[in-house]
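Undergrad: Residue numbers (the numbering used here), protein chains in the order written: chain A, 210 to 428; chain B, 5 to 693. We put the beta carbon where it would ideally sit given N, CA and C, even for glycine.
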Amino acid sequence: MKKLFEINADYQPESFEFTKASQKKAADIIALYPKGRQQSAVMPLLDLAQRQMGEEGAKAEPPHGGWIPRAAMDHIGDMLGMPHIKVYEVATFYSMYNLAPVGKHLVQICTTTPCWLCGSDEIVQASKKHLGIGMGETTKDGKFTLVEVECLGACVNAPMVQINDDYYEDLTSESMKELLGTLAEDMKPTIGSQKGRKASMALSGPTTLEKQAKKAGVA
Amino acid sequence: MPKLTINDMEIEVEQGTSILQAAQALGIEVPHFCYHDRLTVPANCRMCLVEVEGGPPKPAASCAMACGEGMVVRTDSEMVTDARKGVMEMMLINHPLDCPVCDQGGECDLQDQAVGYGFDRSRFAENKRAVPDKELGPLIKTVMSRCINCTRCIRFAEEIAGTPVLGQMNRGEDSEVGTFIGEILRTELSGNLVDICPVGALTSKPYAFKARSWELKKTQSIDVHDALGANIRIDVRGREVMRILPRLHEDINEEWIDDRTRFSCDGLNKARLDRPYIRDEDSGKLVEASWDEAFAFIAGKLKGVKGAEMAALVGDLAAVEDIVALKDLMGAYGSPNMDCRTDGAVFSAASRADYLFNSTIAGIDEADAILLIGTNPRYEAAVLNARIRKAHFERDVSIGLVGERCDLTYPYHYVGPGMADVEKMVKDYKGKMKAKRPVWIIGSGVFARPDGAAIHKALYEAAKELGVITKDWNGFNILHRAASRVGALDVGFVPQGKGGRGFASILEGTKDGSIKALYMLGADEFDARAEIGWKCFVIYQGHHGDYGAARADVVLPGAAYTEKDGIYVNTEGRPQQGKRASFPPGDAKEDWAILRALSEALGKTLPYDTPVQLRTRIVEEWPHLGEFDLIQPAKSVAVKGAGKVLKAAFKNPVKSFYLTNAICRASDTMSKCTDAFKGVDEKMLEAAE
Ligand code: SF4
Ligand code: FES
Chain A
210 MKKLFEINAD
220 YQPESFEFTK
230 ASQKKAADII
240 ALYPKGRQQS
250 AVMPLLDLAQ
260 RQMGEEGAKA
270 EPPHGGWIPR
280 AAMDHIGDML
290 GMPHIKVYEV
300 ATFYSMYNLA
310 PVGKHLVQIC
320 TTTPCWLCGS
330 DEIVQASKKH
340 LGIGMGETTK
350 DGKFTLVEVE
360 CLGACVNAPM
370 VQINDDYYED
380 LTSESMKELL
390 GTLAEDMKPT
400 IGSQKGRKAS
410 MALSGPTTLE
420 KQAKKAGVA
Chain B
5 MPKLTINDME
15 IEVEQGTSIL
25 QAAQALGIEV
35 PHFCYHDRLT
45 VPANCRMCLV
55 EVEGGPPKPA
65 ASCAMACGEG
75 MVVRTDSEMV
85 TDARKGVMEM
95 MLINHPLDCP
105 VCDQGGECDL
115 QDQAVGYGFD
125 RSRFAENKRA
135 VPDKELGPLI
145 KTVMSRCINC
155 TRCIRFAEEI
165 AGTPVLGQMN
175 RGEDSEVGTF
185 IGEILRTELS
195 GNLVDICPVG
205 ALTSKPYAFK
215 ARSWELKKTQ
225 SIDVHDALGA
235 NIRIDVRGRE
245 VMRILPRLHE
255 DINEEWIDDR
265 TRFSCDGLNK
275 ARLDRPYIRD
285 EDSGKLVEAS
295 WDEAFAFIAG
305 KLKGVKGAEM
315 AALVGDLAAV
325 EDIVALKDLM
335 GAYGSPNMDC
345 RTDGAVFSAA
355 SRADYLFNST
365 IAGIDEADAI
375 LLIGTNPRYE
385 AAVLNARIRK
395 AHFERDVSIG
405 LVGERCDLTY
415 PYHYVGPGMA
425 DVEKMVKDYK
435 GKMKAKRPVW
445 IIGSGVFARP
455 DGAAIHKALY
465 EAAKELGVIT
475 KDWNGFNILH
485 RAASRVGALD
495 VGFVPQGKGG
505 RGFASILEGT
515 KDGSIKALYM
525 LGADEFDARA
535 EIGWKCFVIY
545 QGHHGDYGAA
555 RADVVLPGAA
565 YTEKDGIYVN
575 TEGRPQQGKR
585 ASFPPGDAKE
595 DWAILRALSE
605 ALGKTLPYDT
615 PVQLRTRIVE
625 EWPHLGEFDL
635 IQPAKSVAVK
645 GAGKVLKAAF
655 KNPVKSFYLT
665 NAICRASDTM
675 SKCTDAFKGV
685 DEKMLEAAE
């Protein structure tokens, strides 16, 4: 799906600065790359900016999630000595960078084949109905944004969604609603399988590699 | 040096040559879109697929694969044709079928290659994608749905023009090329995007829907907008110049031209002088006249005027033939007062090496240090600036600047504002210069002040000290701005003998009455109305109603550079032949012919009746002007110059890139550019400071 953004919109802040803490992190990140190759740090720095915006957004009223304003891209470009356009190219290419404000909880629903076969359509319906918004939209209170994404690599526990940094798996329409409800009250839901499945083993427990599972303390 | 076989033909190539280049060397055509021999290789269009036997069993992108020893390559196997057909089909999925209304039609790479590899039906039932058009300024029109995402334009803007503002946004089906933030493209070389784009996504805005390529008459000629003498092709329909394109000349413009050269051609149809005019003494207005009336009027006015009371000035766009004819006419009157440096420059023109771009333009590719003195090459010779940029980025040549700071599109070391800084440099670096082939590029503007001659001498001496001029290397380069200048200097259109008066003195003479008649051949680069005394009788010969004609008492309509055959000598001293592409408008005539006819009316008939006779006369006296495209090396001798160097800083003479001569000033496109880029210019200056 095409990313939604307006680079010159009103909501774009005039300027962007990394906080003290982020500045330290940025310096560490840049130091990871060999001399003359600092531009490679553009991706982690974009992520850093997005996280910083997310932290600030969590406290804001109404809240918002992590996103990267144009000013941040320009700032990163200047930091790394690369033309701004090169930063925009990277930022628009990857779907994980949000270039417009999103809700505090960015709900990314996987609708690729395995999840779809296991009922992702229902998850989509349930979420839309519960939140009262369509795909690509944000709730009025700024808490949720719904988007559809391609495979997130947790097919064994399909259907699944990613909300901010966490995966929620083995969903049903009920557990999805519950999940959204918990988040709306700013509480922490259980991460991972919503059916009590451990890792990606069978629901009833390990059927193979049992010894190893025991050893790892998951069975 | 790997040896390989392509289509059963053997070839040995340099290490690192790509298969595509090797195939081209063998005369085998390999279709391609993204590959361009002056840009980096992204290998993203996949049109150049070939089969490499023994390699992995799939076609390989020949533009990005280096030749290897013993490779066996086929460019015509079934696998190759199938693969290319596949690529072409993919490309056409989203390409609109609007060739009949596309300006690229008839000279489109995609169209041509679709003839070879295209499929005559579409198997694609989904929606075609549409991409919003981008606003890139007054010169480049975009129809982005036609874009095949070859990224040539992105690479050109970044690598050649030095303005990295284009990029590819989003990915997959959503990819689009643009500036993303709605910036317009600010480069003097933007017109080249039109040539570089293999499809009709980027086309010329002023030329939009004007003509089809096959109805144009094409003439190979020489550009006159700066002193580089870029090789161009003039495309005309009827009498009208429809567009101007670059021609390849590796040693001058490679395959680029700047936007003035390309887009000022609409100025050739505006504000033209198409019949003679005589200024009515009572009303002060110019009144139409016939050639005979104009000549008779001049003859009457010149009666009794002595040679020493006459003077002649030559403007920036004149051809050598015109200049020689005027010089001969002045000679017939015994007048020593003439000058071609109407920008007020004073410098020694005693030896050719004094005023040439001695290292030659191609010499920049050998230079290992470049110092720019009192010049902004981006404005004074934009194509040359691209070459300097290349030297910096490809070979890491260090670049210094003395004079006004400006944005050159590459980083430079700022030495200081004036001559004192050059002298300090001599002190600091004498005997310590590591560079073996240093190049100094001195803008002709530094001499446009009273101490010009002294500066010339001082710079020469400094250059000598720092090894810029040695036995086998001469990096002492003057960068002229006017196409006519070197030609005029070569034929000695400067004050004659001891008593001859130069530009400044002539203007003074018109005010104090010692100069009674002034002949201006296309001299439009100074404000004639303000600078010429009101009593002086002024004859203006030229093609545009500009500064010169505004002051003239008689106007003789001449031909613009596209309307006459003429020799132009570029800043390196390279004579080249401009060719006539169309005829001058109305009663206007070729300039040498006007001078010849006038000389007869004045009873001083010039001894040539045909262009051939005139050229013979020129070559007899200056044999090098007959050897086209050859640079006669000039021996460097000590520059003579009198007086003291003043303290003042060097100033860049070109303030507005788009308005440097009468043709540009008449051009709507050029004034649109000036308006559109004004704000951008200011931002750029701030950034440079
Ligand atoms: S606009 Fe033209 S040059 Fe640029 S990427 Fe598209 S097809 Fe290539
Ligand atoms: S020319 Fe080789 S991939 Fe485009």
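(1) Buried or exposed: B/Ser126, going by 16 or more other Cβ atoms within 10 Å of its Cβ?
(2) Could you pull the DSSP bridge partners for B/Arg78 from this structure?
(3) Identify each residue in the stretch 148-171 of chain B for which the Cβ-Cβ distance to at least one residue of chain A is less than 8 Å, and report them in chain order.
(4) Check the Cβ of A/Ile277 against every Cβ in chain B and list those closer than 7 Å, keeping chain order.
(5) Got a sec, what are the start and stop residues for the alpha helix (DSSP H) B/Ser603 sits in?
(6) Between which residues of its own chain and B/Ala556 is the CB-CB distance below 6 Å, once the five residues before and five after are set aside?
(7) Quick check: the Cα distance between B/Arg175 and B/Ser66, rounded to an integer number of angstroms?
(8) Report the residue from A/Pro310, A/Arg260, A/Val251 and A/Ser402 whose alpha carbon sits nearest the alpha carbon of A/Asn366.
(9) Whose C-alpha, out of A/Ser224, A/Ala281, A/Pro222 and A/Glu264, is nearest the C-alpha of A/Val251?
(10) How is B/Ile200 classed by DSSP in three states: helix, strand or coil?
(11) Please list the terminal residues of the continuous alpha helix (DSSP H) segment that includes B/Lys221.
(12) Compute the minimum distance between the beta carbon of B/Thr155 and the heavy atoms of the ligand SF4, and state whether it is under 7 Å.
(13) Grab the span of the beta strand (DSSP E) containing B/Ser402 for me, first residue to last.
(14) Tell me, which residues are paired with A/Cys319 by DSSP?
(15) My parser needs the beta strand (DSSP E) runs of 3 or more residues fully inside the stretch 477-541 of chain B; what are they?
(16) Is A/Phe302 close to chain B? Criterion is C-beta to C-beta, closer than 8 Å.
(17) So B/Leu375 is in the beta strand (DSSP E); what residue range does that whole segment cover?
(18) How is B/Glu16 classed by DSSP in three states: helix, strand or coil?
(19) Using a 10 Å radius around the Cβ and a threshold of 16 neighbouring Cβ atoms, would you call A/Ile400 buried or exposed?
(20) If the cut is a Cβ gap below 7 Å, which residues of chain B does A/Glu298 touch?
(21) Could you confirm whether any beta carbon from chain A is found closer than 8 Å to the beta carbon of B/Phe184?
(22) Using C-beta distances below 7 Å, list every residue in its chain close to B/Cys103, excluding the 5 sequence neighbours before and after it, in chain order.
(23) State yes or no: is the C-beta of B/His99 nearer than 7 Å to some heavy atom of the ligand FES?
(24) Check whether the stretch 249-260 of chain B and the stretch 278-291 of chain B are in contact - that is, three or more C-beta pairs closer than 8 Å.
(25) Between which residues of its own chain and A/Arg279 is the CB-CB distance below 6 Å, once the five residues before and five after are set aside?
(26) Helix, strand or coil: which one does DSSP assign to B/Tyr544?
(27) When DSSP labels each residue in this structure, what does B/Tyr699 get in the three-state scheme?
(28) Can you tell which of A/Ile318, A/Glu394 and A/Met344 has the C-alpha that lies nearest to the C-alpha of A/Tyr377?
(29) Throw me the rounded Cβ distance for the B/Leu560 and B/Ala298 pair, which I believe falls under 8 Å.
(30) Excluding the 5 residues flanking B/Arg50 on each side, which residues of the same chain have their C-beta closer than 7 Å to its C-beta?
(31) If you follow the alpha helix (DSSP H) that A/Ser231 is in, where does it begin and where does it stop?
(32) Where does A/Leu418 land, buried or exposed, given buried means 16+ other C-beta within 10 angstroms?
(33) Are there any heavy atoms of the ligand FES lying less than 7 Å away from the beta-carbon of B/Cys67, as far as the coordinates show?
(34) Any beta carbon from chain E within less than 8 Å of A/Pro292's own beta carbon?
(35) Any chance the stretch 391-409 of chain B sits against the stretch 493-506 of chain B, with 3 or more Cβ pairs inside 8 Å?
(36) For the stretch 251-265 of chain A against the stretch 334-352 of chain A, are there 3 or more C-beta pairs whose distance is under 8 Å?
TA: So, from the data block:
(1) If you number the second sequence from 1, residue 126 of chain B lands on position 122. Per the 10 Å Cβ criterion, exposed.
(2) The residue labelled residue 78 of chain B in the question sits at position 74 within the second sequence. B/Glu55, per the DSSP bridge assignment.
(3) Glu162, Pro168, Val169, Leu170 and Gly171
(4) Within the first sequence, residue 277 of chain A is the residue found at index 68, counting from 1. Those within 7 Å of A/Ile277 in chain B number zero; the least Cβ separation is about 13 Å.
(5) The residue labelled residue 603 of chain B in the question sits at position 599 within the second sequence. Counting along the chain, the alpha helix (DSSP H) containing B/Ser603 begins and ends at Asp595 to Ala605.
(6) Along the second sequence, one-based indexing puts residue 556 of chain B at 552. Val542 and Tyr544.
(7) Locating residue 175 of chain B in the second sequence gives position 171, counting from the first residue. Locating residue 66 of chain B in the second sequence gives position 62, counting from the first residue. Their Cα atoms are separated by approximately 24 Å.
(8) Translated into the one-based positions of the first sequence, residue 366 of chain A becomes position 157. The shortest Cα separation from A/Asn366 among A/Pro310, A/Arg260, A/Val251 and A/Ser402 belongs to A/Ser402.
(9) For the purposes of this step, residue 251 of chain A is identified with residue 42 of the first sequence, where counting begins at 1. Looking at the Cα atoms, A/Ala281 is the closest of the given residues.
(10) Numbered from 1 along the second sequence, position 196 holds the residue referred to as residue 200 of chain B. Looking at B/Ile200 - three-state DSSP - the assignment turns out to be helix.
(11) Within the second sequence, residue 221 of chain B is the residue found at index 217, counting from 1. Careful: B/Lys221 lies outside any alpha helix (DSSP H), inside the beta strand (DSSP E) at Lys221 to Ile226.
(12) Position 151 of the second sequence holds residue 155 of chain B. Flag set: Cβ of B/Thr155 near the ligand SF4.
(13) Position 398 of the second sequence holds residue 402 of chain B. Its beta strand (DSSP E) spans residues Ser402 to Val406.
(14) The residue given as residue 319 of chain A occupies position 110 in the first sequence. Beta-bridge pairing links A/Cys319 to A/Val358.
(15) 480-483 and 521-525
(16) Working through the first sequence from its first residue, we reach residue 302 of chain A at position 93. Taking Cβ atoms only, chain B reaches closer than 8 Å to A/Phe302, which makes this a yes.
(17) On the second sequence, position 371 is the one that residue 375 of chain B refers to. Its beta strand (DSSP E) spans residues Ala373 to Ile377.
(18) If you number the second sequence from 1, residue 16 of chain B lands on position 12. Residue state, collapsed to three classes: strand.
(19) For this step, residue 400 of chain A is matched to residue 191 along the first sequence. By the neighbour-count rule (16 or more Cβ atoms within 10 Å), A/Ile400 is not buried but exposed.
(20) Taking the first residue of the first sequence as 1, we reach residue 298 of chain A at position 89. Gly171, Gln172 and Met173, listed in chain order.
(21) Along the second sequence, one-based indexing puts residue 184 of chain B at 180. For B/Phe184, the answer is yes, since a Cβ of chain A falls inside 8 Å of its Cβ.
(22) Counted from its first residue, the second sequence places residue 103 of chain B at position 99. Same-chain partners within the cutoff: Gly109 and Gln115.
(23) Taking the second sequence and counting its residues from 1, one reaches residue 99 of chain B at position 95. No, the beta carbon of B/His99 sits no closer than 7 Å to any heavy atom of the ligand FES.
(24) no
(25) What you label residue 279 of chain A is simply residue 70 of the first sequence in a count that begins at 1. Correct list, in chain order: Ile216 and Gln221.
(26) Here the question's residue 544 of chain B lines up with position 540 in the second sequence. DSSP places B/Tyr544 in strand when its eight states are reduced to three.
(27) Outside the displayed range of chain B (5 to 693) lies residue 699 of chain B, so it cannot be described from this structure.
(28) As a working note, residue 377 of chain A is residue 168 in the first sequence. The residue with the shortest Cα to Cα distance from A/Tyr377 is A/Ile318.
(29) What you label residue 560 of chain B is simply residue 556 of the second sequence in a count that begins at 1. What you label residue 298 of chain B is simply residue 294 of the second sequence in a count that begins at 1. B/Leu560 to B/Ala298, Cβ: 6 Å. Contact.
(30) Indexing the second sequence from 1 puts residue 50 of chain B at position 46. Closer than 7 Å at Cβ, skipping near neighbours: Ala65 and Val91.
(31) In the first sequence, residue 231 of chain A corresponds to position 22, counting from 1. Start and end: Lys229 to Ala240.
(32) Stepping through the first sequence from its first residue, residue 418 of chain A is reached at position 209. It counts as exposed.
(33) Position 63 of the second sequence, counting from 1, holds the residue named residue 67 of chain B. Checking every heavy atom of the ligand FES against the Cβ of B/Cys67, one is found closer than 7 Å.
(34) The chain inventory of the structure shown lacks chain E, comprising the protein chains A and B.
(35) no
(36) no
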